[in-house]
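Q: Starting off with a structure, shown below.
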Amino acid sequence: MEEQTIRVQRCETKKEKPQDDQLVFGKIFTDHMFVMDYSEPLGWHNASIVPYQPLQIEPSAMVFHYAQSVFEGLKAYRTDNGSIELFRPEKNMERLNRSNDRLCIPPIDEEFALKAIKQLVSIDRDWVPHTEGTSLYIRPFIISTETYIGVSAAAHYKFIVILSPVGAYYKEGLNPVKIAVENDYVRTVKGGTGEAKTGGNYAASLKAQEMVAKTGYTQVLWLDGVEKKYIEEVGSMNVFFKINGEVVTPKLNGSILSGITRLSVIELLNHWDVPVIERRISIEELYEAYQNGQLEEAFGSGTAAVISPIGELKWGDKQMIINDGKTGEISKKVYDTITGIQYGHIEDSFNWMQNIETESTVKH
Ligand SMILES: *Cc1c(COP(=O)(O)O)cnc(C)c1O
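For the sequence shown, our numbering begins at 2 and goes up steadily by one.
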């Protein structure tokens, strides 16, 4: 593909930036956004960085009717030496194209998209907050914009990137959550869109989330959609259990989202020689391990929280209190290491971080 240039139109007046301690998740957006169009036979074109603004899209745009859309989520961190860095962003671009493939959206040029993201973050760099734990959340997404209400893959799309400064997920250290096993609703099924990052999976998950919140639990533990037996994910995070000295995480099976935090946790545990295995694990097996005193830790993993320790797990009328409801040793060590690398406190010996000022050096 011929290298495109990115047209830049800067905003005339900059918005007022919030104080770091006032930041919440995903409510305010920076001064600029990236937009690129797709149409036949041009392919992806019109790459531009423009002031953050409403879109003009016809009500007949296909995305509103048949939900052909994908997204990504990653963060820019301000490190100890003042540089701004992204965590394994090439993995997000690869995953975006896997999601595209599942949703019949034309692939993007991964290196070009990453270059565009870096340039956008660089232009809005003053929006990357300074306080430990804060970051600039990056939301790339693609929607079908063709004006047609027949069911088919669209011929027109928009690839957009918006940025949102976000506060620290944990203000007073890691905080274990209470989780309830979901026995009625499922998030997705094998053969469905579970391994794609697409809005429809989230729409399907809201009902269970709303119900569980009423009973005082934070999130649900999703079981597989076929037998409702095997553990898949927790909320919108991947999930890990430490059982009798070994860390277990559900093996990717077509319905589990392949998290980049999940991959990093597995790579770290391998590096530390902590036994870690990807396999099928049923809720019965987990409960048995609990009864035998072998369920030592449980935690979720994802970009937003990095690690979310699970202190309590409810399964029907059975209750499991894990590690006395406190954050486990492995959970804490993984959390400290990943965030340490992200904020530049510890050496990035895995080469996970990419500076926003430099071109991607990742080979494909
Ligand atoms: C994004 C996401 C995750 C976590 O992925 P990360 O790359 O680690 O942020 C896990 N599960 C679901 C359903 C997701 O959408």
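The beta-carbon is built from N, C-alpha and C at its ideal position, and this holds for glycine as well.
1. Return the Cβ separation of Gly260 and Ser302 in integer angstroms, given the expectation that the two are a contact with Cβ distance under 8 Å.
2. Following the continuous beta strand (DSSP E) through Gln5, name the residue where it begins and the one where it ends.
3. Leaving out five residues on either side along the sequence, give the residues of the same chain with a beta carbon under 6 Å from the beta carbon of Pro276.
4. Check whether the Cβ atoms of Ala68 and Thr199 sit closer than 9 Å, and answer yes or no.
5. What is the DSSP secondary structure of Val129, counted as helix, strand or coil?
6. According to the Cβ coordinates, are Val182 and Leu137 closer than 9 Å?
7. So, with DSSP's three-state summary, where would you put Val363?
8. Return yes when at least one heavy atom of ligand 1 lies under 8 Å from the C-beta of Thr103, else no.
9. Nearest CA to the CA of Lys230: which residue from Phe242, Glu285 and Pro177?
10. I need the straight-line Cα distance from Thr148 to Ile322, nearest angstrom please.
11. Using a threshold of 9 Å, state whether the C-beta atoms of Arg8 and Pro52 are closer than that.
12. Between Ala155, Gly168, Glu59 and Ala48, which lies nearest to Leu24 when the distance is taken from Cα to Cα?
13. Assign Pro130 to buried or exposed, taking buried as 16 or more other Cβ atoms, counted over all protein chains shown, within 10 Å of its Cβ.
14. So, with DSSP's three-state summary, where would you put Val71?
15. If Leu115 sits next to Glu95, beta carbons under 8 Å apart, how far is it from one beta carbon to the other, in whole angstroms?
16. Indicate whether the contact test is met: 3 or more Cβ pairs, each with one atom in the segment 162–180 and one in the segment 191–210, closer than 8 Å.
17. Suppose you measure from the CA of Pro310 to the CA of Ile180; what does that come to, to the nearest Å?
18. Which residue from Asn239, Tyr39 and Asp81 puts its Cα closest to that of Asn101?
19. Check Arg263 in the structure and name its three-state DSSP category.
20. From Val213 to Leu207, what distance separates their C-alpha atoms?
A: Quick answer:
1. 6 Å
2. Taken as a continuous stretch (DSSP letters only), Gln5 belongs to no beta strand (DSSP E), as it is neither H nor E.
3. Glu247
4. yes
5. coil
6. no
7. Low local confidence applies: a pLDDT of 46 at Val363 is under 50, so the model's placement there is unreliable, and no value is given.
8. Checking the sequence shown, residue 103 turns out to be Arg, not Thr. No, the beta carbon of Arg103 sits no closer than 8 Å to any heavy atom of ligand 1.
9. Glu285
10. 52 Å
11. no
12. Gly168
13. buried
14. strand
15. About 10 Å separates the two Cβ atoms, so there is no contact after all.
16. no
17. 10 Å
18. Tyr39
19. helix
20. 10 Å
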